[in-house]
Each structure stands twice: as C-alpha cells, then as structure tokens.
Amino acid sequence: MLRARRGDISAVLGLAATLVVLAIMMQNLSYEVWAGILVVPVLAAPSLLLLRVLTRRAHRHLFIIFVAGLAAKFVASILRFYVFASLYSGDGDAGLYYDTGLALAARVRNGTSSISTVLPWETGLEFMYRIAGLVLTVVGPTKIGTFFVFAMLGFWGTVLIVLAGCRAVPGINQRRYATFCMLAPSLLFWPASIGKEATVLLGIGLFAYGASRLLAWDRRLLGILQIGIGGFIIASVRAHLAALFVFGLVVALLQVAFVPTATTITRKRTSFAVLAVCASALLVVVAFAAVRRLGVDNPNTGFFEDVSAALDKASVVSDSGGTSFTPVDTDNPLMWPYAIVRTLFRPLPIDLDGPKTLLPMLETTLLAGLIVASASRLRRIGSMLRRSPYLTFAFVTTALFGLAFSAISNLGALIRQRSLVWGFLLLLVCLPAASKSDRRGSDWARSDTVADPRKRRDQPTEAGAAASRA
Numbered sequence: 001m002l003r004a005r006r007g008d009i010s011a012v013l014g015l016a017a018t019l020v021v022l023a024i025m026m027q028n029l030s031y032e033v034w035a036g037i038l039v040v041p042v043l044a045a046p047s048l049l050l051l052r053v054l055t056r057r058a059h060r061h062l063f064i065i066f067v068a069g070l071a072a073k074f075v076a077s078i079l080r081f082y083v084f085a086s087l088y089s090g091d092g093d094a095g096l097y098y099d100t101g102l103a104l105a106a107r108v109r110n111g112t113s114s115i116s117t118v119l120p121w122e123t124g125l126e127f128m129y130r131i132a133g134l135v136l137t138v139v140g141p142t143k144i145g146t147f148f149v150f151a152m153l154g155f156w157g158t159v160l161i162v163l164a165g166c167r168a169v170p171g172i173n174q175r176r177y178a179t180f181c182m183l184a185p186s187l188l189f190w191p192a193s194i195g196k197e198a199t200v201l202l203g204i205g206l207f208a209y210g211a212s213r214l215l216a217w218d219r220r221l222l223g224i225l226q227i228g229i230g231g232f233i234i235a236s237v238r239a240h241l242a243a244l245f246v247f248g249l250v251v252a253l254l255q256v257a258f259v260p261t262a263t264t265i266t267r268k269r270t271s272f273a274v275l276a277v278c279a280s281a282l283l284v285v286v287a288f289a290a291v292r293r294l295g296v297d298n299p300n301t302g303f304f305e306d307v308s309a310a311l312d313k314a315s316v317v318s319d320s321g322g323t324s325f326t327p328v329d330t331d332n333p334l335m336w337p338y339a340i341v342r343t344l345f346r347p348l349p350i351d352l353d354g355p356k357t358l359l360p361m362l363e364t365t366l367l368a369g370l371i372v373a374s375a376s377r378l379r380r381i382g383s384m385l386r387r388s389p390y391l392t393f394a395f396v397t398t399a400l401f402g403l404a405f406s407a408i409s410n411l412g413a414l415i416r417q418r419s420l421v422w423g424f425l426l427l428l429v430c431l432p433a434a435s436k437s438d439r440r441g442s443d444w445a446r447s448d449t450v451a452d453p454r455k456r457r458d459q460p461t462e463a464g465a466a467a468s469r470a
C-alpha cells in the first residue's frame with residue numbers, strides 16, 4: 001500500500017513538474033521551439049511501448065539497442081536540422097515540402113479544406129506534400145518538430161529491417177546486426193529530416209518485414225498486407241525503386257517454389273509459384289509506371305530503350321552538384337558487377353575529394369574492411385542463400401539497386417539513395433561464423449546464439465526463420 005501511494009505521489013509530482021516546465025517554455029520560447037521540444041516525448045513514449053511489445057518474446061535482447069538507436073535518431077535529426085538551417089539556409093527539398101505542407105495544413109486547420117486534402121493518395125511530389133501537410137496539421141507550424149516526426153518514420157523503417165533479418169536469416173548475429181543498423185551514420189543521418197528518404201525507408205521496412213513473413217509462410221496474409229502497404233509507400237515516392245524490391249521478392253518466391261532447400265515448405269510450393277506469378281504481373285505494372293513517372297515513355301521506342309533513357313536522364317540531372325564524378329559505363333554487361341560494387345562502395349580513399357567526402361569515405365571504407373575481415377563468414381554464402389530466401393531477396397534487391405543507380409554521378413545524391421539499402425548490405429558482416437565442425441562439412445553452427453526450445457508465435461519455425469537469440 002505504501003509503495004502504491006509513493007508511486008501515485010511520484011506520478012503527480014512528475015506531471016506537475018512537466019506542466020510547470022511546459023508553461024515556462026510557452027511563455028519564453030516561440031511555438032516553433034517549444035512545440036518541437038514537446039514532440040520528442042510525444043513520439044518517444046509510444047515508440048518505447050511498441051518496441052517493448054515487438055521484442056517481448058523472441059528479441060528481448062534487442063530492446064536496449066533499439067532504445068539507444070531511438071536516442072541517436074533524435075540527435076541525428078537535430079544535426080540534420082542544423083545542417084539544413086545553417087549550411088543550406090532552409091532551402092532544398094525539405095524546405096519545399098515544409099512550406100507546401102504548411103499551406104495545406106493551414107487550409108485544413110481554418111476549415112477551408114477537408115482533411116482529405118492532406119491524405120497521401122497521390123504520387124510523386126504531391127505524395128510528399130500531403131505527408132508533410134498531414135504531419136503539420138497535427139503538430140502545427142514547427143519545423144524542428146516536423147523533422148522529428150519524419151525521423152521517426154526512418155527509425156521505424158530501420159527497426160523493421162532489423163527484425164526482418166533477425167527472423168529470416170538462420171543463425172544471424174542479432175546483436176551485431178541491430179547495433180550496426182541502429183548506429184550506422186548513413187541510416188541515422190539521411191532519413192532524419194523532412195524528405196523522401198525517411199518516408200521511403202519506412203516503406204522498405206514494412207516491405208522487408210512482410211517478405212520475411214511471407215517467405216516463411218508465417219501469418220502470410222499479414223505479410224502480404226505489410227508488403228502491400230510498404231510497396232505502396234515506396235511506389236508513391238519512387239516507382240522505379242519499388243520495381244527493384246518487387247523483382248527481388250519474385251526471385252525469392254521462385255526459389256522457395258522450385259529450389260529444394262532444407263527450409264523449403266514442400267506442401268506450399270504451388271502456393272509460392274502462384275504468388276511468384278502474381279508478383280511478376282505486379283512487377284510489369286510497376287516497371288511501366290516507373291518509366292512513365294520518369295518522363296521517358298516514348299511510343300516509338302521499346303521498354304528497355306526507355307529504361308536506358310531514364311538512366312541517362314538521371315546521370316545528367318545528378319551531375320549538377322559540386323561532388324560529381326564519372327559513373328561506370330553500363331552499356332557493356334561485363335561491366336555490371338564492377339558498376340554494382342562501385343555504386344555500393346563509393347567513396348573509398350581513392351575517391352576522397354575534400355572534407356565534404358571525408359565522413360562518407362570513412363563509413364564506406366569501414367564497411368568494406370569489415371566485409372573483407374568477414375571472409376570466413378562469407379565462405380559459404382551460397383549455402384546461406386539456399387537456406388534463407390529472405391537473404392536472396394535482400395541481396396538481389398541490393399545488387400539491382402547498385403546497377404540501376406550506377407548512372408547517378410553526384411556523390412551526395414548517391415549516398416542519400418544508398419542509405420535505403422544500407423541495412424541489407426550490413427547483413428554481409430552479420431552472418432553466422434563457421435565452426436570447426438562446419439569446416440568438416442556440417443551445417444552452420446550457431447555459436448553466437450542460444451537456442452530457445454519454446455515455440456513463439458511471433459517467430460516462424462519454417463523457411464529459414466532464426467530460432468535462436470544472439
């Protein structure tokens with residue numbers, strides 16, 4: 001009884017202190033500032049509760065890592081806002097989205113327009129304007145607060161990517177993977193502001209998490225729904241990027257349907273084949289929509305000529321910045337592997353061009369070094385790909401990204417875009433290490449995990465799901 005009373009008293013005192021601090025801020029600070037500060041606990045509290053729910057069974061050991069990532073995300077958003085306000089004087093895409101969204105939100109707030117005018121049913125720039133307008137309708141005219149909301153979209157996209165990898169890749173070092181993804185500078189900084197990166201990353205996280213469910217035939221309807229929502233978000237912003245993810249999913253579905261592995265659900269092969277056909281039809285639709293969206297749909301040329309024209313257009317557009325470079329020529333298919341590697345691993349020390357590229361160079365070089373140091377983990381990558389269709393999905397999508405975005409010749413634009421697949425690249429350095437028995441031909445040892453004999457509802461038991469904790 002005494003403890004209960006002390007808890008009640010503490011809660012009342014805490015609420016009173018919060019109200020006092022809020023009143024002081026409202027009197028001495030502008031709405032832009034105090035409302036932005038208030039957004040942080042409003043976002044953090046439900047996020048912590050949801051993280052606790054998602055990690056309460058199979059991934060309890062990841063909760064503290066996610067909490068650290070949440071704190072780091074807010075710091076990164078503040079840094080991103082500082083760069084936006086100081087170095088770019090509030091200009092750029094973020095400023096455009098904010099100003100347009102603010103005008104939409106003002107009309108909704110004063111009753112001139114209905115809430116439907118800020119619901120994101122459009123595509124392209126209009127989709128981003130409406131997303132910004134919806135956020136500003138809720139939080140009011142606070143730029144830093146809007147930055148925090150978009151940063152939270154990117155944070156949850158990263159969380160879902162981590163959970164998808166931990167569920168679907170057997171024996172993955174879960175703690176390492178979560179730590180790398182939560183604290184990677186690219187994943188912290190770029191999807192931490194008003195913009196496409198944060199929005200698209202949320203869509204990618206939903207798509208990846210749904211794919212991990214579908215490929216394991218675990219709550220498949222929920223997985224399909226998550227894929228649909230995630231794919232809609234990605235396609236609404238960047239239809240060509242959505243086409244890459246759908247293609248990777250088609251390959252993974254075909255693998256489960258036709259390639260015999262230790263994790264194949266034999267009785268469901270026909271279902272996976274049907275899903276692969278449906279996904280292929282969707283791929284065609286998304287691909288043609290992407291070509292039209294890029295504005296190179298020419299009735300006198302074929303589809304592949306239009307794709308080539310789109311890549312050329314991207315190269316010309318992205319060459320306008322101060323960190324331009326000459327991209328790899330992809331006209332020769334023999335150059336495709338090199339183009340993929342250079343797109344995913346640029347800048348390296350040989351690409352260093354002033355202080356602007358120093359930090360991205362250090363991050364890229366560190367990842368490349370970790371991959372080289374993980375040679376023993378990568379020695380049997382073929383075996384891991386056969387056991388985990390999700391891993392196939394992730395690597396096919398990443399390789400296609402490297403090829404499709406090889407036409408970009410501006411380093412800043414490339415680094416921002418590449419942050420969207422950084423979580424898939426980090427899988428390479430978190431695969432399970434081979435033990436001595438593995439070198440003699442046995443299966444992958446899960447030396448960095450502890451098996452949990454209990455069957456959990458939120459952790460699939462088939463199709464390559466990770467049944468252990470790092």
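Residues in the sequence shown are numbered from 1 upward in steps of one, following my numbering. Ideal Cβ positions, reconstructed from N, Cα and C, are used throughout, including at glycine.
Using a Cβ-Cβ cut-off of 7 Å (strictly less than) and excluding sequence neighbours within five positions of residue i, which residues of its own chain qualify?
| i | result |
| --- | --- |
| A287 | A243 |
| L136 | G101, L102, A105, T146 |
| Y209 | L160, L163, A164, Q226 |
| L254 | A276 |
| A399 | I340 |
| R80 | F147, F189, A192, S193 |
| E122 | R130 |
Check whether the Cβ atoms of residue i and residue j sit closer than 8 Å, and answer yes or no.
| i | j | result |
| --- | --- | --- |
| P141 | L102 | yes |
| W336 | L403 | yes |
| S212 | F84 | no |
| L43 | V149 | yes |
| P327 | I408 | yes |
| L215 | A273 | no |
| I233 | G195 | no |
| F405 | L411 | no |
| A363 | P185 | A small fix is needed here, since residue 363 is Glu in this sequence, not Ala. Cβ distance < 8 Å, so E363 and P185 count as in contact. |
| L206 | K73 | no |
| T323 | K356 | yes |
Who are the near neighbours of residue i in its chain, counting only those whose CB is closer than 6 Å to its CB and skipping five residues on each side?
| i | result |
| --- | --- |
| L62 | T55, A178 |
| M361 | P347, L352 |
| L385 | L391, T392 |
| S77 | F147, F148, A151, A192 |
| L38 | none |
| D93 | G195 |
Specify the secondary structure class of residue i as computed by DSSP and reduced to three states.
| i | result |
| --- | --- |
| S236 | helix |
| S383 | helix |
| S186 | helix |
| S114 | coil |
| I324 | The sequence shown places Ser at residue 324, rather than the Ile named in the question. Strand, per DSSP. |
| N332 | coil |
Using 7 Å as the cut-off, classify the Cβ of residue i as near or not near the heavy atoms of the ligand HEM, replying yes or no.
| i | result |
| --- | --- |
| F66 | The model on display carries no ligand, and the ligand HEM is accordingly not part of it. |
Whole angstroms is fine: what's the gap from residue i's alpha carbon to residue j's?
| i | j | result |
| --- | --- | --- |
| Y390 | L425 | 13 Å |
| R60 | T330 | 45 Å |
| E126 | P120 | 8 Å |
| V256 | A279 | 14 Å |
| L358 | T117 | 43 Å |
| R387 | D99 | 49 Å |
| R130 | S114 | 12 Å |
| V139 | S419 | 27 Å |
| L96 | V285 | 30 Å |
| W422 | N110 | 42 Å |
| F345 | T112 | 49 Å |
| L370 | V429 | 6 Å |
| K143 | G36 | 7 Å |
| W190 | A368 | 20 Å |
| L49 | V67 | 11 Å |
| L283 | A239 | 10 Å |
| R454 | A58 | Bear in mind that a pLDDT of 39 at R454, under 50, signals an unreliable position, so the number given afterwards is only what the model happens to contain. Between R454 and A58, the C-alpha separation is close to 10 Å. |
| T343 | R416 | 12 Å |
How should residue i be labelled, buried or exposed, when 16 other C-beta atoms within 10 angstroms of its C-beta is the threshold for buried?
| i | result |
| --- | --- |
| A501 | Because the chain is modelled from 1 through 470, residue 501 falls outside the range shown and cannot be assessed. |
| L201 | buried |
| L222 | exposed |
| A281 | exposed |
| G157 | buried |
| T474 | Residue 474 cannot be examined here, being either before or after the span of the chain that is shown, 1 to 470. |
| V246 | buried |
| L334 | exposed |
| V53 | exposed |
Apart from the five residues just before and just after residue i, which ones in its own chain have a Cβ nearer than 8 Å to its Cβ?
| i | result |
| --- | --- |
| A394 | G165, A208, G248, F424, L427 |
| L431 | V169, G171, I172, N173, S374, R377, L378, I381, M384 |
| I65 | R175, A178, T179, M182 |
| S47 | L70, M152, F155, W156 |
| P349 | M361, T365 |
| I224 | G210, L214 |
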